[in-house]
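From first to last, the protein sequence lines are chains Z and F.
Counted the way the numbering used here counts, the first sequence spans residues 76 to 339.
Counted the way the numbering used here counts, the second sequence spans residues 692 to 919.
Backbone N, C-alpha and C fix where the C-beta goes; we use that ideal spot for every residue, glycine too.
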Amino acid sequence: MPSYIEISYLDIALASLLVLANGLISLLLKLKLEKSLLVAAVRMVVQLLLIGYILKWVFNVDQWYVVLLIIGIMTFIAGMAAHNRNRIQYGGMRIDALVSVWVSSWLIALLGLVVVLQVQPWYKPQYVIPIMGMILGNTLTGVSLGLDRITHELTQKREQVEMLLSLGASRWEAYKEPAQNAVMAGMMPTINSMMVIGLVSLPGMMTGQILAGQDPEQAIRYQIIVMFFLSAASAIGCVLAVLFVFRRLFSKSHNFMYWKLQEK
Amino acid sequence: MANKKILLKAENLCRIDPVNKVMLVKSASCMIHQGNRIVLSGSSGSGKSVFCRMLALLDQPDQGSIIFNGQLVRQADIPHYRSAVAYIRQRPVLLRGTVQENLMFPFALHIHRERRFNPEKIARFLAVIDKPDTFLQKNAADLSGGERQLVCLLRVLQLDPVILLLDEPTSALDMDMAMQVELLINKWMQQHDETRAYVWISHDEQQKKRVGQQVWHMNGGVLITGDA
Chain Z
76 MPSYIEISYL DIALASLLVL ANGLISLLLK LKLEKSLLVA AVRMVVQLLL
126 IGYILKWVFN VDQWYVVLLI IGIMTFIAGM AAHNRNRIQY GGMRIDALVS
176 VWVSSWLIAL LGLVVVLQVQ PWYKPQYVIP IMGMILGNTL TGVSLGLDRI
226 THELTQKREQ VEMLLSLGAS RWEAYKEPAQ NAVMAGMMPT INSMMVIGLV
276 SLPGMMTGQI LAGQDPEQAI RYQIIVMFFL SAASAIGCVL AVLFVFRRLF
326 SKSHNFMYWK LQEK
Chain F
692 MANKKILLKA ENLCRIDPVN KVMLVKSASC MIHQGNRIVL SGSSGSGKSV
742 FCRMLALLDQ PDQGSIIFNG QLVRQADIPH YRSAVAYIRQ RPVLLRGTVQ
792 ENLMFPFALH IHRERRFNPE KIARFLAVID KPDTFLQKNA ADLSGGERQL
842 VCLLRVLQLD PVILLLDEPT SALDMDMAMQ VELLINKWMQ QHDETRAYVW
892 ISHDEQQKKR VGQQVWHMNG GVLITGDA
């Protein structure tokens, strides 16, 4: 039986009054943020209500193709976001970002849901959608950071890369150091969050389960496996992205095609 | 000395700017023989640098072929080719670490795995430019621009290149340092009994006279070598 407090629209209205605090700060400090604040608050409410209705519908329909469609759309949006955040771009970066996010997150979700959690049936939306959402969010960060770092490294270290090539380095030897730095940059946030989890931060999923009346021990177990999903998916996504960049920017004749990197 | 071997033969090399599709080098052909000390002159933007980068295969020619030691250079040979036809850029690039570490790292590359760092060889070069052995322990970050360029040269010369492509190696250096670079390269030519060669891009008329025995011109992407 649900042992949590149900939230009414009146409760939401009450909580929304708190946004006035932000408005007041903005007015007092002349930050001119009132308009953005209002738009952001309204967007937040509308987007969440909307997704709430969609989720309710998906849960009711309970069909594999609907679940696939929803996570497909989520994956697409995550892939686009991983690309859009980067200032230095190259032709084909959008598709590289999308494929990196897609392959890594779906692979890990498949392993996690089917092998580890053994969800029955495999498409059960109650599990698939929230876990996919968390995996995608992290993969997006990993891929985006990796791409951002690699394009910056290659732009800054163009002369070093060429120096290595002119000493007889293979294209891979010339790419290795920037690639290592980029993969490291992509993996750091997950490692850092695993370091302090439970000490500084109580993750949202676990908190949510506890609020919903779940046994904290089970909630924590869920959190632990999800953290492993997240770290694996973001690392694989980042490595894939860095490999795709290598294929785009280094020719088979060991040339560095630096001109393909363009600042937005 | 007669009968100097042909080291490199380039035919109809063309390079088109990959971004704006402008023709940068138009059908350049040339031959480099053992012992050649070639100066490449021409106004800036005339395509000298692109041409040299193309000879080093750092920029892939859009057309044309390069024959090195009598053989067409194939894709798989490119890393090896680049260590034999070595390109030296105007701005020296060193890695973090000491001078010695910078001189040693090329031996970690796959292509040089059979070779070993040779301190005696380096010592001989250092004697030419009047640097003490302690120079090797200096941190690369503390070197002057000229010293950095000398280290870059040593790094290449120790690998026994056959042709040096020198892309304004001294244009950012003061007179003394420029002379040291010239001295070092001259020494290298003599050491190998004039069996090596270089192409040197320079804007300094005095330097062109000192280092060049033959002059090539680049004008609007067209190379004039004086050969028929």
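Three-way DSSP call (helix, strand, coil) for residue i in this model
{"i": "F/Arg706", "result": "strand"}
{"i": "F/Asn910", "result": "strand"}
{"i": "F/Leu785", "result": "coil"}
{"i": "Z/Trp197", "result": "coil"}
{"i": "F/Asp768", "result": "helix"}
{"i": "F/Phe681", "result": "Past the edges of chain F, shown from 692 to 919, lies residue 681 of chain F, and the structure says nothing about it."}
{"i": "F/Ala777", "result": "strand"}
{"i": "F/Phe826", "result": "helix"}
{"i": "Z/Asp137", "result": "coil"}
{"i": "F/Met714", "result": "strand"}
{"i": "F/Gln898", "result": "helix"}
{"i": "Z/Tyr165", "result": "coil"}
{"i": "F/Lys700", "result": "strand"}
{"i": "Z/Glu81", "result": "coil"}
{"i": "Z/Met332", "result": "coil"}
{"i": "F/His724", "result": "strand"}
{"i": "Z/Ala244", "result": "coil"}
{"i": "F/Val730", "result": "strand"}
{"i": "Z/Val57", "result": "The requested residue 57 of chain Z is not part of the displayed model; chain Z covers only 76 to 339."}
{"i": "Z/Ser91", "result": "helix"}
{"i": "Z/Met76", "result": "Since pLDDT at Z/Met76 reaches only 49, below the 50 mark, its modelled position is unreliable, and no value is offered."}
{"i": "Z/Glu338", "result": "strand"}
{"i": "F/Val872", "result": "helix"}
{"i": "F/Leu857", "result": "strand"}
{"i": "Z/Leu103", "result": "helix"}
{"i": "F/Gln905", "result": "strand"}
{"i": "F/Lys695", "result": "coil"}
{"i": "F/Ser756", "result": "strand"}
{"i": "F/Gln762", "result": "strand"}
{"i": "F/Val832", "result": "Looking at the sequence provided, one finds Ala at residue 832 of chain F rather than Val. Looking at F/Ala832 - three-state DSSP - the assignment turns out to be helix."}
{"i": "F/Ala719", "result": "strand"}
{"i": "F/Ala888", "result": "strand"}
{"i": "F/Gly917", "result": "coil"}
{"i": "F/Leu864", "result": "coil"}
{"i": "Z/Gln231", "result": "helix"}
{"i": "Z/Gln255", "result": "helix"}
Residue j beta carbon less than 8 Å from that of residue i
{"i": "F/Lys695", "j": "F/Gln725", "result": "yes"}
{"i": "F/Asp858", "j": "F/Ser737", "result": "no"}
{"i": "F/Ala777", "j": "F/Leu855", "result": "yes"}
{"i": "F/Leu875", "j": "F/Phe816", "result": "yes"}
{"i": "Z/Gly288", "j": "Z/Ser78", "result": "yes"}
{"i": "Z/Gly261", "j": "Z/Gly221", "result": "yes"}
{"i": "Z/Val320", "j": "Z/Asp171", "result": "yes"}
{"i": "Z/Val121", "j": "Z/Val133", "result": "no"}
{"i": "F/Gly755", "j": "F/Leu704", "result": "yes"}
{"i": "Z/Val218", "j": "Z/Ser175", "result": "yes"}
{"i": "Z/Ala254", "j": "Z/Ile225", "result": "yes"}
{"i": "F/His803", "j": "F/Leu850", "result": "yes"}
{"i": "Z/Ala157", "j": "Z/Leu215", "result": "yes"}
{"i": "Z/Tyr202", "j": "Z/Leu188", "result": "yes"}
{"i": "Z/Phe151", "j": "Z/Ile210", "result": "no"}
Outcome for residue i when other beta-carbon atoms lying within 10 angstroms are tallied against a minimum of 16
{"i": "F/Arg780", "result": "buried"}
{"i": "F/Leu715", "result": "buried"}
{"i": "F/Gly837", "result": "buried"}
{"i": "F/Gln762", "result": "exposed"}
{"i": "Z/Tyr263", "result": "Note that residue 263 of chain Z is Met in the sequence shown, not Tyr. Exposed."}
{"i": "Z/Gly147", "result": "exposed"}
{"i": "F/Lys822", "result": "buried"}
{"i": "Z/Arg162", "result": "exposed"}
{"i": "F/His801", "result": "exposed"}
{"i": "Z/Asn267", "result": "exposed"}
{"i": "Z/Leu279", "result": "The identity of residue 279 of chain Z in the sequence shown is Gly, whereas the question assumes Leu. Z/Gly279 should be labelled exposed."}
{"i": "F/Ile757", "result": "buried"}
{"i": "Z/His329", "result": "buried"}
Min CB distance residue i to chain C below 8 Å
{"i": "F/Arg782", "result": "Going by chain labels, chain C is absent from the structure shown, which instead holds the protein chains Z and F."}
Residue i beta carbon near the ligand SAH (any heavy atom closer than 7 Å)
{"i": "F/Glu702", "result": "The ligand SAH is absent from the structure shown, which contains no ligand whatsoever."}
Given a limit of 7 Å on CB to CB distance, which residues of the segment 229–246 of chain Z reach chain F?
Look at the segment 229–246 of chain Z: the residues with a C-beta under 7 Å from a C-beta of chain F are Glu234, Gln235, Glu237, Met238, Leu240, Ser241, Leu242, Gly243, Ala244 and Ser245.
Every unbroken alpha helix (DSSP H) inside the segment 262–327 of chain Z [4 residues or more]:
279–286 and 291–324
Which residues, in chain order, does the segment 792–824 of chain F contribute to contact with chain Z at a C-beta distance below 8 Å?
Pro797, Leu800, His801, Ile802 and His803
Length at least 4, wholly inside the segment 170–194 of chain Z: the alpha helix (DSSP H) runs in chain order:
The qualifying runs do not exist here; there are none.
For the segment 308–339 of chain Z, which residues have a beta carbon sitting closer than 9 Å to at least one beta carbon of chain F?
Ser326, Lys327, Ser328, His329, Asn330, Phe331, Met332, Trp334, Lys335 and Gln337
Members of the segment 290–308 of chain Z near chain F, C-beta cut-off 8 Å:
none
What are the residues in the segment 759–778 of chain F lying within 8 Å of chain Z by C-beta distance?
Within the segment 759–778 of chain F, the residues whose Cβ lies closer than 8 Å to some Cβ of chain Z are Gln766, Ile769, Pro770, His771, Arg773, Ser774, Ala777 and Tyr778, listed in chain order.
By the 7 Å beta-carbon criterion, what residues does the segment 860–872 of chain F contribute toward chain Z?
none
Interface residues of the segment 707–731 of chain F facing chain Z [CB-CB below 7 Å]
Against chain Z - using a Cβ distance shorter than 7 Å - the residues of the segment 707–731 of chain F are Pro709 and Val710.
Any residues in the segment 735–751 of chain F with a beta carbon nearer than 8 Å to a beta carbon of chain Z? Which ones, in chain order?
Ala747, Leu748, Leu749, Asp750 and Gln751
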